[in-house]
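One structure is given here, and the rest of the page talks about it.
In my numbering, the protein residues as written are 40 to 344.
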């Protein structure tokens with residue numbers, strides 16, 4: 040499970056203060072090494088200059104100006120991943136924003152909270168899932184632009200959108216992701232009664248609670264039919280011969296079952312109440328079965344011996 044999970048902050052978001060805190064909380068939890076961390080940030084141009092200082096302030100509020108000294112700030116898992124993050128950061132064409140007083144320390148595997156502004160979709164920070172405390176910022180002008188950018192990439196494991204209802208609904212309905220959260224981040228994991236999982240490259244299956252059992256179970260379809268129904272003659276409707284006038288009733292009956300000529304039967308209230316066998320199908324097959332009883336002949340006949 041994983042992928043580059045975006046957070047979209049639209050111009051109509053009602054409050055930037057909790058928005059900034061919730062984004063940086065998800066970005067820096069376990070030093071960004073969680074599968075549903077905010078990977079990159081899409082901000083509407085009109086509010087970017089207001090939001091960025093609040094992001095910096097949120098970091099200081101949680102970890103201080105020197106997160107290296109904070110007992111709550113973690114380390115990168117190993118030297119290989121520390122160097123992977125440094126290589127991506129050194130290759131970026133974006134602008135690093137001063138967030139803390141600390142510098143990266145390979146010996147301690149410490150990587151400070153880092154915000155990079157002016158990032159483009161093809162930047163080194165946008166190639167793979169970061170899985171670390173670097174937050175690239177991409178600015179957009181229209182919601183359509185933000186949605187198109189998300190859809191141009193692999194489906195993420197999580198998607199976060201901070202906006203009013205109409206804008207948030209547009210993002211959720213026009214994108215694909217393993218999960219989606221409006222006006223918050225990561226708390227979707229706390230809902231144990233709902234499925235959690237990815238879609239496409241971000242993961243396969245659904246987990247948590249009963250959904251975990253369902254994922255690792257095979258839902259076997261078992262159909263049981265009485266051997267005496269339908270009668271041998273009526274049973275011939277399913278197989279040839281279909282040619283000839285004497286067999287035309289088979290095609291007539293089949294058409295009515297699949298696509299009835301009386302639309303009123305399909306659109307009736309009673310017809311929509313029955314889901315297993317729609318009511319209109321029950322009506323159209325009755326005359327057909329009567330006709331089949333009269334005209335049909337068994338393909339396989341019983342032997343007297």
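The C-beta atom is built at its ideal place from N, Cα and C for all residues, glycine as well. It should be emphasised that the depicted structure is a prediction, and the values quoted were computed from it without experimental measurement.
Query: If you count every other CB in all the chains shown that lies within 10 Å of the CB of residue 135, and 16 or more means buried, which is it?; Result: exposed
Query: Should residue 146 be labelled buried (16 or more other beta-carbon atoms within 10 Å of its own) or exposed?; Result: exposed
Query: How many angstroms separate the CA atom of residue 94 from the CA atom of residue 217?; Result: 26 Å
Query: Within 10 angstroms of its Cβ, does residue 118 collect 16 or more other Cβ (buried), or is it exposed?; Result: exposed
Query: Is the beta carbon of residue 175 closer than 9 Å to that of residue 152?; Result: no
Query: Taking Cβ positions, are residue 211 and residue 196 nearer each other than 9 Å?; Result: no
Query: Could you name each continuous alpha helix (DSSP H) segment of 4 residues or more that falls completely within the segment 204-266, going from the start of the chain to the end?; Result: 204-212 and 249-254
Query: In the structure shown, what three-state DSSP assignment does residue 315 receive?; Result: Because the pLDDT of residue 315 is 43, which lies under 50, any placement of that residue in the model is unreliable, and the question is left without a value.
Query: Using the C-alpha atoms, what's the distance from residue 207 back to residue 51?; Result: 10 Å
Query: Look at the Cβ atom of residue 60, then the Cβ atom of residue 115, and state whether they are nearer than 9 Å.; Result: no
Query: Can you grab the Cα-Cα spacing for the pair residue 185 / residue 87, in whole Å?; Result: 14 Å
Query: For the alpha helix (DSSP H) holding residue 201, just list the boundary residues, first then last.; Result: Here residue 201 belongs to no alpha helix (DSSP H); instead the beta strand (DSSP E) covers 197-201.
Query: Let's test the definition: count the other Cβ atoms within 10 Å of the Cβ of residue 63 and tell me whether it reaches 16, buried, or not, exposed.; Result: buried
Query: Can you give me the Cβ contacts of residue 100 inside the same chain, cut-off strictly under 8 Å, excluding the 5 residues immediately before and after it?; Result: 60
Query: Here's the rule: buried if 16 or more other CB atoms are within 10 angstroms of the residue's CB, otherwise exposed. What is residue 83?; Result: buried
Query: Closest to residue 169 by C-alpha separation, out of 128, 193, 188 and 236, would be which residue?; Result: 128
Query: Please specify which runs of the alpha helix (DSSP H), each continuous and at least 4 residues long, are wholly inside the segment 96-168, giving them in chain order.; Result: 118-130
Query: Rounded to the nearest angstrom, how far is the Cβ of residue 81 from that of residue 188, given a contact under 8 Å?; Result: 7 Å
Query: Can you tell me where the alpha helix (DSSP H) holding residue 36 begins and where it ends?; Result: No answer is possible for residue 36: the residues shown for the chain start at 40 and end at 344.
Query: What do you reckon, are the CB atoms on residue 139 and residue 98 nearer than 9 Å?; Result: yes
Query: Here's a check: name, in chain order, each residue in its chain whose Cβ is nearer than 6 Å to the Cβ of residue 225, leaving out the five neighbours to either side.; Result: 65 and 75
Query: Is the distance from the Cβ of residue 200 to the Cβ of residue 233 below 9 Å?; Result: no
Query: When DSSP labels each residue in this structure, what does residue 45 get in the three-state scheme?; Result: strand
Query: So what does DSSP say about residue 73, is it helix, strand or coil?; Result: coil
Query: Could you name the residues that DSSP lists as bridge partners for residue 178?; Result: 82
Query: Check each candidate in 262, 158 and 267 and name the one with the smallest Cα separation from residue 78.; Result: 158
Query: Do you know offhand how far residue 70's Cα is from residue 125's?; Result: 14 Å
Query: For residue 255, which residues from the same chain have a beta carbon less than 6 Å from its beta carbon, with the 5 sequence-adjacent residues on both sides left out?; Result: none
Query: In terms of residues, what are the limits of the alpha helix (DSSP H) holding residue 280?; Result: Neither: residue 280 is in no alpha helix (DSSP H) and is coded neither H nor E.
Query: Is residue 202 closer than 9 Å to residue 48 when the C-beta atoms are compared?; Result: yes
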